[in-house]
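Numbering-wise (full-length UniProt numbering), the sequence shown opens with residue 1 and increments by one.
Virtual Cβ for every residue (Gly too), placed ideally from N, Cα, C.
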Amino acid sequence: MTITTPDDFTHRWRQPPNFPLEVAFDYTFLPAIDILDHIRRDAEVRFTILGDDDWQVRMDRTAAFRTAPLEEIVTWPFRLVHFNLSRFYDDLLHGFQDEVMIPWRAHLSARGFTWQRLAPILFLSTEGASSTYHNDNSHGLVWQVHGTKTFHSYLAPDKHLSADAAVIGETTGEEPPEHDAADRQSVVMRPGDQLWSHALTPHWVTTESSLAMSVTLSHGGLCHQGRFSERELALRAYWDKNPAEAWTHDLRSVRY
Numbered sequence: 001m002t003i004t005t006p007d008d009f010t011h012r013w014r015q016p017p018n019f020p021l022e023v024a025f026d027y028t029f030l031p032a033i034d035i036l037d038h039i040r041r042d043a044e045v046r047f048t049i050l051g052d053d054d055w056q057v058r059m060d061r062t063a064a065f066r067t068a069p070l071e072e073i074v075t076w077p078f079r080l081v082h083f084n085l086s087r088f089y090d091d092l093l094h095g096f097q098d099e100v101m102i103p104w105r106a107h108l109s110a111r112g113f114t115w116q117r118l119a120p121i122l123f124l125s126t127e128g129a130s131s132t133y134h135n136d137n138s139h140g141l142v143w144q145v146h147g148t149k150t151f152h153s154y155l156a157p158d159k160h161l162s163a164d165a166a167v168i169g170e171t172t173g174e175e176p177p178e179h180d181a182a183d184r185q186s187v188v189m190r191p192g193d194q195l196w197s198h199a200l201t202p203h204w205v206t207t208e209s210s211l212a213m214s215v216t217l218s219h220g221g222l223c224h225q226g227r228f229s230e231r232e233l234a235l236r237a238y239w240d241k242n243p244a245e246a247w248t249h250d251l252r253s254v255r256y
C-alpha cells in the first residue's frame with residue numbers, strides 16, 4: 001500500500017518492510033544525461049566500472065570516465081554516487097534546497113520528527129549495473145527520477161540479518177546471499193516513484209534501463225516524539241557500549 005498521508009507515514013516508518021510513498025515535490029531535474037556529464041567531472045564523485053570485461057578494459061574505462069564522449073560512457077556498465085549535493089545548489093541543482101529540502105524538513109518538523117542529519121544523495125547507473133548488497137545507518141526516501149531500477153530488500157529483514165549484525169557491518173558484499181525468492185521484496189521504480197528504505201535493513205538495487213538516476217533523502221538519527229525506529233535502537237545501544245565509536249560511523253555504504 002502506498003503511503004499518502006502524514007498519519008500513515010507516522011504509523012509505518014518505525015519498522016520494516018519498506019513501503020512506497022508519495023511526496024509531491026515541486027521540482028524538475030535537468031535531464032539525467034546532462035547531470036551525468038557535469039557530475040562525473042566533480043572531484044567528490046565516486047564511481048565503479050562494472051561488467052565482465054577483463055581487468056585492463058575496466059581500468060582503461062575508469063581512467064577515461066571523466067572525459068570520454070557521453071555516448072560511449074552510457075554503453076559501459078557503471079554505478080556512480082555523489083554524497084555532497086549541496087555543492088551544486090547554485091547551478092546543477094538550482095532550487096533544490098528551496099523546493100525539496102526545506103519543504104521536506106518543515107513537513108517532518110511540523111509532525112514531531114527530529115533528526116541529526118538530513119541530506120540528499122545522487123545515484124546514476126546504466127543497464128545491468130547493481131549496487132552492492134549493504135545496509136545503511138540512515139533511513140532513505142528514495143526518489144526515482146529517470147529510467148527504471150528495482151529496489152530489492154526483504155519482507156522480514158530480521159530473518160536474514162539482525163539489527164545487531166547490521167550495526168557491525170556484516171552485510172556488505174557485491175552480491176546478496178542465497179535466499180528464498182518468496183522472502184524478497186522487489187519494488188520496480190519508474191520516474192516519479194518513491195520508496196521508504198528503513199535504516200539497518202539489507203538491500204541491493206539493480207538497473208533495468210539504459211540510464212537510471214535516483215535521489216535519496218538520507219535521514220540520520222530520525223526520531224518521532226522521542227522514539228527511534230525499532231532497528232535503529234540497536235545502533236544507539238551499540239554506541240552506548242562503544243562511546244569512542246559514536247558518530248565515527250559514516251552514514252553511507254563505503255562500498256556502493
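Does residue i pass the burial test, meaning 16 or more other C-beta atoms within 10 Å, or should it be called exposed?
i: Ser138; result: buried
i: Leu36; result: buried
i: His179; result: exposed
i: Gly226; result: exposed
i: Ile49; result: buried
i: Arg61; result: buried
i: Ser109; result: exposed
i: Pro177; result: exposed
i: Pro31; result: exposed
i: Asp136; result: buried
i: Ala63; result: exposed
i: Asp34; result: exposed
i: Glu173; result: Looking at the sequence shown, residue 173 is not Glu but Gly. Result: exposed.
i: Ser186; result: exposed
i: Ala181; result: exposed
Cα separation between residue i and residue j?
i: Gln56; j: Leu70; result: 21 Å
i: Gln116; j: Glu232; result: 13 Å
i: Gln144; j: His134; result: 19 Å
i: Asp183; j: Asp7; result: 28 Å
i: Phe9; j: Ile102; result: 19 Å
i: Arg87; j: Met189; result: 27 Å
i: Pro224; j: His11; result: A quick correction: the sequence has His, not Pro, at residue 224. Their backbone Cα atoms lie some 10 Å apart in a straight line.
i: Asp164; j: Ala234; result: 6 Å
i: Gly51; j: Leu80; result: 14 Å
i: Ala237; j: Ile3; result: 30 Å
i: His107; j: Gln97; result: 14 Å
i: Pro243; j: Pro202; result: 25 Å
i: Ala68; j: Val23; result: 37 Å
i: Phe78; j: Asp53; result: 12 Å
Assuming residue i and residue j make a contact with CB atoms under 8 Å, what is their CB distance in whole Å?
i: Trp204; j: Thr132; result: 7 Å
i: Ser162; j: His198; result: Ser162 to His198, Cβ: 14 Å. No contact.
i: Phe25; j: Val142; result: No, Phe25 and Val142 are not in contact; Cβ-Cβ is about 13 Å, not under 8 Å.
i: His160; j: Leu92; result: No, His160 and Leu92 are not in contact; Cβ-Cβ is about 37 Å, not under 8 Å.
i: Phe113; j: Leu222; result: 6 Å
i: Glu208; j: Glu127; result: 7 Å
i: Trp196; j: Leu21; result: 5 Å
i: Phe47; j: Phe65; result: 6 Å
Just checking: is the beta-carbon of residue i within a distance shorter than 9 Å of some beta-carbon in chain C?
i: Gly192; result: Absence of chain C from the displayed structure is noted, only one protein chain being present.
What three-state label does DSSP hand residue i in the structure shown?
i: Trp104; result: helix
i: Ser210; result: coil
i: Leu217; result: strand
i: Ser86; result: helix
i: Phe96; result: helix
i: Gln56; result: helix
i: Arg41; result: coil
i: His152; result: strand
i: His139; result: strand
Please determine if the segment 105-119 and the segment 40-48 are in contact, where contact requires at least 3 C-beta pairs separated by less than 8 Å. The segment 40-48 and the segment 105-119 do not touch, with fewer than three beta-carbon pairs separated by less than 8 Å.
Are the segment 139-158 and the segment 196-215 touching by the rule of at least three beta carbon pairs closer than 8 Å? Taking 8 Å as the limit for Cβ pairs, the verdict is that the segment 196-215 does touch the segment 139-158.
Between the segment 216-231 and the segment 119-129, do at least 3 Cβ pairs fall closer than 8 Å? Three or more beta-carbon pairs drawn from the segment 216-231 and the segment 119-129 are found closer than 8 Å, and the two stretches are therefore classed as touching.
contact_flag[the segment 152-164, the segment 14-22] where n(CB pairs < 8 Å) is 3 or more: Yes, since at least three Cβ pairs between the segment 152-164 and the segment 14-22 fall closer than 8 Å, the two stretches touch.
Taking contact to mean 3 or more Cβ pairs, one atom from each stretch, closer than 8 Å, check whether the segment 77-97 and the segment 169-186 are in contact. Three or more beta-carbon pairs separated by less than 8 Å are not found between the segment 77-97 and the segment 169-186, which leaves the two stretches without contact.
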